[in-house]
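Visitor: Before I ask anything, here is the structure I am working with.
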Amino acid sequence: MPLTKKSFQPLGDCVWELPQSARADMQVAVRVYADDKLLQDALRDKSFEQAMNVAALPGLVGPVVVMPDVHQGYGMPIGGVMAASVPDGIISPGAVGYDINCGVRLLAAHVSHAEIRHRIGDLATALFRNCPSGVGSEGVVRLGSDDLEDVLTGGARWALARGYATASDLARTEANGTIPGADASHTSARAIQRGRHQVGTLGAGNHFIEVDEVDTVFDPTAAQVLGLFPGQVVIQIHCGSRGFGHQVCTDYVSSFQATVRKYGIRLADRELVCAPFDSPEGRAYLAAMACAANFAFANRQVLAHFVRQSFAEVLAKEIGDATLHQVYDIAHNMAKIEEHEVAGQRRTLCVHRKGATRAFGPGAPGLADDLRSIGQPVLIPGSMGTASWVLLGTEDSMQQTFASTCHGAGRVMSRSHAKREIRGEKLREELKAQGVTVRAGSMPGLAEEAPRAYKDVDRVIEVVARAGIARKVARLRPIAVIKG
Amino acid sequence: MNEAPFEEIEHTADWAIRVRGRDLRALFEAAARGMFSLLVDLAQVAPERTLELDLRAIDAETLLVDWLNELLYLSEDKGIAFSEFDITSIDTSMTAPGLAESRLQATVVGGRVHELRRTIKAATFNAIAIRRLDSGCEAEIVFDV
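Protein sequence lines, in the order shown, are assigned to chains H and D.
Throughout the first sequence, residue numbering follows my numbering, covering 914 to 1397 in sequence.
Throughout the second sequence, residue numbering follows my numbering, covering 26 to 170 in sequence.
Here is the structure:
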């Protein structure tokens, strides 16, 4: 029987549950964060079918969580969270996806948009020139295989040693920019080959650098801790582990097709291949995934260095302070080993987030001292030309969603539909009329990422705020977009 | 041999194609043509390089996805796109214990292109199934982009 709104039981404001009984193979329920409209939007594609496939995996703890920006992906829906028991559950490369540790970094200037409005075009041009982007882009950071191994084990720590980072950058990065347990011997020669020339590159697709203005501050105390003020210029970097991460996922999703046979694991979708967490295969993937995660932290850190250089190049002579401080850096495709309270018991879990963001509340371990009182910053990029948000994790996100919240606006229109309906050149003119400068390598690529192809990000944010799984700090308005 | 049809199908976030062939050989060739047609105008690809491939996998579906991912890797590694695909042999009935059960050998031809339209991160196993039809076989493939 097809799913309808009636299939979902309301649990509270913007919270719904699809019970375990909805499909015979489900081992846990699916919990959905959405208002009426976003729930209806998600019913139009295969988001919930994919969430139910995830709920049929063995070894899960608690519900599969679906965020308001959910849309159909492959295997796990984008905007999905699943938590597997450690050590007796599973780990799934397909549930993390190909762009391991795709994430967002936010840098903040110490100047207002009004002061540098006349230089935004030059800044956009400098960013486009200095931050390698586009299909198959290669960076200026050339690495030997030993150097790359340092990147894979060290992540942002490697970048610090090489002068691409500051200590305070690392303190303002999820997991301090280094995932422990990385072991390059569990990655393929192909992954190494692909990664060697891609540190410090943006890539293509939905990845971007965006210059924004802080449009509204909702929580002045938290904004002060994060160094944000109204009118301020801030810069987002959205990208991940490039070809290295793609290859790690490709290798393990392929080899795990045999692994699930070996362990007798039944799947509703072969993309959701997994291995017992405490198995040679599971440990190998975890070590390889950590390498890709560290690659991505290093990649965003080097890009941040190029962004800082570009900012200073254009503005150092005009403004007193042309530095950029890091607000935070978060991942939204990753499996993390974390402790959570489930039914009154502390449990060690492998929390898989696919298009979902970690959202630790105040007091959570691992947060820098200055963040402990407010909680972990959560960065939500909107669609191109629309708002982005800075949020904070909450007590409720810790209790309800394995400390997770949404990650973006979420698509509603297919890329082929967007490509048919929207011309990149026309979109660039429309954005210009809205005061958004665009530097893009590909006009068809720009069209695929048009704002109309996405949900209303403000609506998504209202849902997570009403449900209590994040709270608002600031809203950002775009002023320049740089894309491959 | 490269005439088997493929068509784009709607997918909210990524790209997906439906491919058909009168047999597995034609299906695999159509899948490769379909994938590269998302990346480039195939008519613009100069036939500059010929590569031989020999792949093994545990079953036909894994072989199909591995074949596509092999081509994506080679495309990025060599900085070329492929436009001609000739599966010279394909056997999905091998049952030797301890060995891969499926194998293909292929010759592919490609060359440099001015610009790739987009990046495909990978061909996925999402809902992958090769369906046997009266007229041949069919599969739907979702690509992460």
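From the three backbone atoms N, C-alpha and C, an ideal C-beta is built for every residue, glycine too.
(1) Residues of the stretch 66-99 of chain D in Cβ contact with chain H at a cutoff of 9 Å, in chain order, please.
(2) With a 10 Å radius around its C-beta and 16 neighbouring C-beta atoms as the bar for buried, classify alanine 171(D) as buried or exposed.
(3) If we cut at 8 Å on Cβ distances, does glycine 1049(H) have a partner in chain D?
(4) Which same chain residues, not among the five before or five after valine 1064(H), have their C-beta less than 7 Å away from its C-beta?
(5) Quick check on DSSP: helix, strand or coil for cysteine 1204(H)?
(6) Between which residues of its own chain and lysine 1332(H) is the CB-CB distance below 8 Å, once the five residues before and five after are set aside?
(7) From glutamate 32(D) to alanine 154(D), what does the alpha carbon distance come to, in whole angstroms?
(8) With distances taken Cα to Cα, identify the nearest neighbour of valine 1376(H) among Lys1345(H), Cys927(H) and His1238(H).
(9) Examine the Cβ distances between the stretch 1257-1264 of chain H and the stretch 1285-1300 of chain H and report whether three or more of them are shorter than 8 Å.
(10) Quick check on arginine 1103(H): buried or exposed, where buried means 16 or more other Cβ atoms within 10 Å of its Cβ?
(11) Could you give the uninterrupted runs of the beta strand (DSSP E) lying entirely in the stretch 1016-1067 of chain H, keeping only those of 3 residues or more?
(12) Once the 5 residues before and after alanine 1378(H) are set aside, which same chain residues still bring their CB inside 7 Å of it?
(13) Quick one: what does DSSP say alanine 147(D) is sitting in, helix, strand or coil?
(14) What would DSSP say about glycine 1358(H), mapped onto helix, strand or coil?
(15) If we define contact as Cβ-Cβ less than 8 Å, is arginine 1358(H) a contact residue for chain D?
(16) What does the alpha-carbon distance come out to for the pair valine 133(D) and phenylalanine 107(D)?
(17) Excluding five sequence neighbours on each side, which residues of the same chain lie with their C-beta closer than 7 Å to the C-beta of histidine 1120(H)?
(18) Compute the Euclidean distance between the alpha carbons of alanine 29(D) and alanine 1069(H), then round it to the nearest angstrom.
(19) Measure from the C-beta of valine 133(D) to each C-beta in chain H and report whether the shortest distance is under 8 Å.
(20) Just the Cα atoms here: how many angstroms apart are serine 62(D) and serine 118(D)?
(21) Between which two residues does the alpha helix (DSSP H) harbouring arginine 1107(H) extend?
(22) If you measure between the beta carbons of proline 1294(H) and valine 1009(H), is that distance less than 8 Å?
(23) Could you check how far apart the C-beta atoms of alanine 1037(H) and valine 1124(H) are, in whole angstroms? I think they sit under 8 Å.
(24) Does chain D have any CB closer than 8 Å to the CB of histidine 1265(H)?
(25) I'd like the list of long-range same chain contacts for arginine 1324(H), defined as Cβ closer than 6 Å, with 5 residues on each side in sequence excluded.
(26) What residues in the stretch 1147-1165 of chain H have a beta carbon less than 8 Å from any beta carbon of chain D?
Guide: Looking at the atomic coordinates:
(1) Taking 9 Å as the Cβ-Cβ cut-off against chain H, the residues of the stretch 66-99 of chain D that qualify are Ala82, Ile83, Asp84, Glu86, Thr87, Val90, Asp91, Asn94, Leu97 and Tyr98.
(2) Examination of residue 171(D) is not possible in this model, given that chain D is present from 26 through 170 alone.
(3) As a position in the first sequence, residue 1049(H) is number 136, starting the count at 1. Yes, because at least one Cβ of chain D sits closer than 8 Å to the Cβ of glycine 1049(H).
(4) On the first sequence, residue 1064(H) is found 151 positions in, with the first residue counted as 1. Taking C-beta separations shorter than 7 Å and ignoring five residues to either side along the sequence, the partners of valine 1064(H) in its chain run Leu1056, Trp1071, Val1112, Asn1207, Phe1208 and Ala1211, following chain order.
(5) In the first sequence, counting from the first residue as 1, residue 1204(H) sits at position 291. Helix.
(6) What you label residue 1332(H) is simply residue 419 of the first sequence in a count that begins at 1. Cβ within range, chain order: Pro1357, Ala1360 and Glu1361.
(7) Counting from 1 along the second sequence, the entry for residue 32(D) is found at position 7. Counting from 1 along the second sequence, the entry for residue 154(D) is found at position 129. Going from the Cα of glutamate 32(D) to the Cα of alanine 154(D) covers about 17 Å.
(8) To locate residue 1376(H), count along the first sequence from 1; it is residue 463. Answer by Cα proximity: Cys927(H).
(9) no
(10) Position 190 of the first sequence holds residue 1103(H). Around the C-beta of arginine 1103(H), 16 or more other C-beta atoms lie within 10 Å, and the residue is accordingly described as buried.
(11) 1016-1025
(12) Position 465 of the first sequence holds residue 1378(H). Around alanine 1378(H): Arg1384 and Lys1385.
(13) In the second sequence, counting from the first residue as 1, residue 147(D) sits at position 122. Strand, per DSSP.
(14) On the first sequence, residue 1358(H) is found 445 positions in, with the first residue counted as 1. Three-state DSSP puts glycine 1358(H) in a helix.
(15) The residue labelled residue 1358(H) in the question sits at position 445 within the first sequence. According to the sequence shown, residue 1358(H) is glycine rather than arginine. Glycine 1358(H) counts as touching chain D.
(16) Locating residue 133(D) in the second sequence gives position 108, where the first residue counts as 1. Locating residue 107(D) in the second sequence gives position 82, where the first residue counts as 1. The straight-line gap from Cα to Cα measures roughly 7 Å.
(17) As a position in the first sequence, residue 1120(H) is number 207, starting the count at 1. Within the same chain, histidine 1120(H) has close Cβ partners His1151, Cys1152 and Gly1397.
(18) Here residue 29(D) is taken as the residue at index 4 of the second sequence, counted from 1. Here residue 1069(H) is taken as the residue at index 156 of the first sequence, counted from 1. Residue placement at alanine 29(D) is poorly supported in this model, since its pLDDT is 47, which falls under 50; the coordinates still yield a value, given next. Alanine 29(D) and alanine 1069(H): Cα-Cα distance of roughly 48 Å.
(19) Counting from 1 along the second sequence, the entry for residue 133(D) is found at position 108. No, its Cβ sits nowhere closer than 8 Å to a Cβ of chain H.
(20) Taking the first residue of the second sequence as 1, we reach residue 62(D) at position 37. Taking the first residue of the second sequence as 1, we reach residue 118(D) at position 93. About 30 Å.
(21) Start at 1 with the first residue of the first sequence, and residue 1107(H) comes out as number 194. Start and end: 1102-1108.
(22) Along the first sequence, one-based indexing puts residue 1294(H) at 381. Along the first sequence, one-based indexing puts residue 1009(H) at 96. No, the Cβ-Cβ distance between proline 1294(H) and valine 1009(H) is not below 8 Å.
(23) As a position in the first sequence, residue 1037(H) is number 124, starting the count at 1. As a position in the first sequence, residue 1124(H) is number 211, starting the count at 1. About 7 Å; that satisfies the 8 Å criterion.
(24) Here residue 1265(H) corresponds to residue number 352 of the first sequence, with the count starting at 1. False, the Cβ-Cβ gap to chain D never drops below 8 Å.
(25) For this step, residue 1324(H) is matched to residue 411 along the first sequence. Taken in chain order, the residues that qualify are His984, Ala1366 and Tyr1367.
(26) Gly1156, His1159, Gln1160, Cys1162 and Thr1163
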